[in-house]
Amino acid sequence: MKSLAKTADHLVIGGGLAGSMVALRLAAAGREVTLLERERTAHHKVCGEFLSREAVEYLELAGVHPIDLGAATIRFVRLSSKTRVVQAALPFTALSLSRCVLDEALLKRAAQSGCNVQRGAFVENLALRGGLWQAQLRGDNSWAAPTVFLANGKHDLRGFEREAGTHGDLVGFKLHWRLKSSQTEALREFMELYLFRGGYGGISLVENDVANFCLVVRQSALRKLGGWPELLAAIQDENRLVAQRLEGATALWERPLAVSSIPYGYLAGRPSGLWSVGDQAAVIPSFTGDGMSIALHSATLAAQMYLAGESADRYHEILHAHLSRGMGMAAMLSRGMISSVGRGLAPIGLSVLPSSLNWIAKSTRIPERALHQTRLAIDIGCGSATQ
123 MKSLAKTADH LVIGGGLAGS MVALRLAAAG REVTLLERER TAHHKVCGEF
173 LSREAVEYLE LAGVHPIDLG AATIRFVRLS SKTRVVQAAL PFTALSLSRC
223 VLDEALLKRA AQSGCNVQRG AFVENLALRG GLWQAQLRGD NSWAAPTVFL
273 ANGKHDLRGF EREAGTHGDL VGFKLHWRLK SSQTEALREF MELYLFRGGY
323 GGISLVENDV ANFCLVVRQS ALRKLGGWPE LLAAIQDENR LVAQRLEGAT
373 ALWERPLAVS SIPYGYLAGR PSGLWSVGDQ AAVIPSFTGD GMSIALHSAT
423 LAAQMYLAGE SADRYHEILH AHLSRGMGMA AMLSRGMISS VGRGLAPIGL
473 SVLPSSLNWI AKSTRIPERA LHQTRLAIDI GCGSATQ
């Protein structure tokens, strides 16, 4: 016999950046919020771990300071394809911090703001019954609430799967490394991007001088190679800079984290009354470095629009307007980067026109006007960012 459902005014499914941020904002406004996080402890996630200027601003407004958590500074980008290497200054100073550390810090801030955080709460099913959303947990426990925010990241909830997106044939891998000291110093203050057959990836330092190597590759290319060991060997054979960085390096985990069928280019438009935030709302190609800022922006926007009495449908409409142009541009560039032509032209284009980096960054990021409106809503404590 199943136990009676526990009830909440607001239910947040997922305790990553987006879930913690929306829960924090609602709790800080005096709303009763329960957050369901599937993992019992801090954990790593497949992510490039790049914090853009926008992401850092959102975090600091929430009382989380990445520098205090040990974040590494990034001021330059270095792009390599085969033996060719070019570099340029970033149009802003960025930071890099592991998701294990960052997510935990923001989740704790949500709890400190009054959110009821339930860890080890694995939601298996979600259904609308009698005007309430019923979240069935593994182990027969359940929660019911009139308002639900979907923040379950890259892991879809059964029955609420995302569409494939406009560039959805990729598999993602992530592995932390301890590089040789000379390679660590060569990487300091740089985000390095690598192009290779069927995919692209990057390495940057995070806290404690650990190097995060994160990449995406076409499913067909991975199948042809056979698996992770063969993929890593092929990348090092093709890209000289990757081979240089990983020479003598020590992998800090036995195997990489992996996620399949990443729906790059996905933008939610759920008409169901659910509020989708983070990767459940939008998935931008990782080379832009804008994934975490979109997660934080979508969560903040959703919270402020909800507090202002707006509907979930209206929120998705506004978020779509904020992101659709940049998402389309990013997906187009991502498809080009994994093509043979793109691998050859990208380093040439950056070396001939270094300003192209600024153009790409501006074209794929959240519009400054949208950011300003959302930050203004935070400053005044409530109100809509839909003007």
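Numbering (the numbering used here), first residue to last: 123 to 509. Where is the CB? At the ideal position from N, CA and C, for every residue including glycine. Source: prediction; values computed, not measured.
Legend entry - Local Cβ density within 10 Å of His-494, reported as buried at 16 or more and exposed below that: Counting other Cβ atoms within 10 Å of its Cβ, His-494 stays below 16 and is therefore classed as exposed.
Legend entry - Meets three-Cβ-pair contact criterion under 8 Å: the region 318–335 and the region 212–221: yes
Inset, instruction - Please say whether Leu-445 and Leu-389 have beta carbons closer to each other than 8 Å? - result: yes
Inset, instruction - Taking 8 Å as the threshold, find out whether the region 256–272 comes into contact with the region 295–311 through three or more Cβ pairs. - result: no
Inset, instruction - Could you tell me which residues DSSP pairs with Ile-196 in its beta bridges? - result: Looking at the DSSP output, Ile-196 bridges to Ala-216, Glu-311.
Inset, instruction - Reducing DSSP to helix, strand and coil, say where Ser-456 ends up. - result: DSSP places Ser-456 in helix when its eight states are reduced to three.
Legend entry - His-289 beta carbon less than 8 Å from that of Ala-417: no
Legend entry - Ordered list of beta strand (DSSP E) runs contained in the region 260–310, each at least 3 residues: The region 260–310 contains these whole beta strand (DSSP E) runs: 264–267, 269–272, 289–300.
Inset, instruction - Helix, strand or coil for Arg-377, going by three-state DSSP, please let me know. - result: The answer is coil: DSSP assigns Arg-377 none of H, G, I, E or B.
Inset, instruction - Evaluate contact between the region 125–135 and the region 271–282, counting only Cβ atoms and requiring at least three cross-stretch pairs below 8 Å. - result: yes
Inset, instruction - List the endpoints of the continuous alpha helix (DSSP H) containing Arg-367. - result: 362–368
Inset, instruction - With a floor of 4 residues, list each alpha helix (DSSP H) that falls wholly inside the region 135–191, ordered by position along the chain. - result: 139–150, 175–183
Legend entry - Exposure of Ile-189, with buried meaning 16 or more beta-carbon neighbours within 10 Å: exposed
Legend entry - Cβ neighbour criterion (16 or more within 10 Å) applied to Gln-305: buried
Legend entry - Identity of the residues DSSP links to Asn-330 by a beta bridge: Bridge partners of Asn-330: none, in fact.
Inset, instruction - Indicate the three-state DSSP secondary structure (helix, strand or coil) for Phe-409 in the structure shown. - result: The answer is helix: DSSP assigns Phe-409 an H, G or I state.
Legend entry - 8 Å Cβ cutoff met for Arg-200 and Phe-312: yes
Inset, instruction - Tell whether a beta-carbon distance below 8 Å holds between Gly-324 and Leu-315. - result: yes
Inset, instruction - Would you kindly work out how many angstroms separate the C-alpha atoms of Arg-280 and Leu-368, rounded to a whole number? - result: In this structure, the CA atom of Arg-280 is about 39 Å from the CA atom of Leu-368.
Inset, instruction - Look at the alpha carbon of Ala-507 and the alpha carbon of Met-427, and state the distance between them as a whole number of angstroms. - result: Low per-residue confidence applies at Ala-507: pLDDT is 41, beneath 50, and the placement is therefore not dependable, though the value from the model is reported in the following sentence. Their backbone Cα atoms lie some 7 Å apart in a straight line.
Legend entry - Between the CA atoms of Arg-206 and Arg-162 - distance to the nearest angstrom: 44 Å
Legend entry - Identity of the residues DSSP links to Phe-318 by a beta bridge: Paired residue(s): Gly-321.
Legend entry - Cys-504 burial status per 10 Å Cβ neighbour count (16 or more: buried): Residue placement at Cys-504 is flagged as unreliable, the pLDDT there being 46, under the threshold of 50; a coordinate-derived value is accordingly withheld.
Inset, instruction - Would you list the residues sitting across from Gln-258 in a DSSP beta bridge? - result: Asn-247, Ser-264
Legend entry - Asp-412 vs Arg-487 beta-carbon contact at 8 Å: yes
Inset, instruction - Give a yes or no on whether the C-beta atoms belonging to Arg-251 and Ala-184 are separated by under 8 Å. - result: no
Inset, instruction - Evaluate Arg-319 with the Cβ neighbour count: other Cβ atoms within 10 Å of its Cβ, from every protein chain shown; 16 or more gives buried, anything less gives exposed. - result: buried
Inset, instruction - Report back the beta-carbon spacing between Gln-341 and Asp-291 to the nearest angstrom; my notes put them in contact at under 8 Å. - result: 5 Å
Inset, instruction - Please name the residue in His-165, Ile-357, Glu-439 whose C-alpha comes closest to that of Ile-460. - result: Ile-357
Legend entry - Proximity winner among Ala-371, Gln-240, Lys-276, relative to Ser-529 (alpha-carbon distances): Residue numbering for the chain in the displayed model covers 123 to 509; residue 529 lies beyond these limits and cannot be assessed.
Inset, instruction - Please work out which residues of its chain come closer than 6 Å, Cβ to Cβ, to Leu-148, disregarding the five sequence neighbours upstream and downstream, and give them in chain order. - result: His-132, Val-155, Ala-425
Legend entry - Unbroken beta strand (DSSP E) run spanning Gln-240, endpoints: Where Gln-240 is concerned, the enclosing beta strand (DSSP E) stretches over 238–241.
Inset, instruction - Go ahead and label Gln-234 buried or exposed: buried means 16 or more other beta carbons lie within 10 angstroms of its beta carbon, across all protein chains shown. - result: With fewer than 16 Cβ atoms within 10 Å of its Cβ, Gln-234 is classed as exposed.
Inset, instruction - Name the one or two DSSP bridge partners that Ile-384 has. - result: Leu-292
Inset, instruction - List the endpoints of the continuous alpha helix (DSSP H) containing Asp-225. - result: 221–234
Inset, instruction - Under 6 Å Cβ to Cβ from Val-293, same chain only, skipping five residues before and after it: list those, please. - result: Val-339, Gln-341, Leu-344, Ser-382
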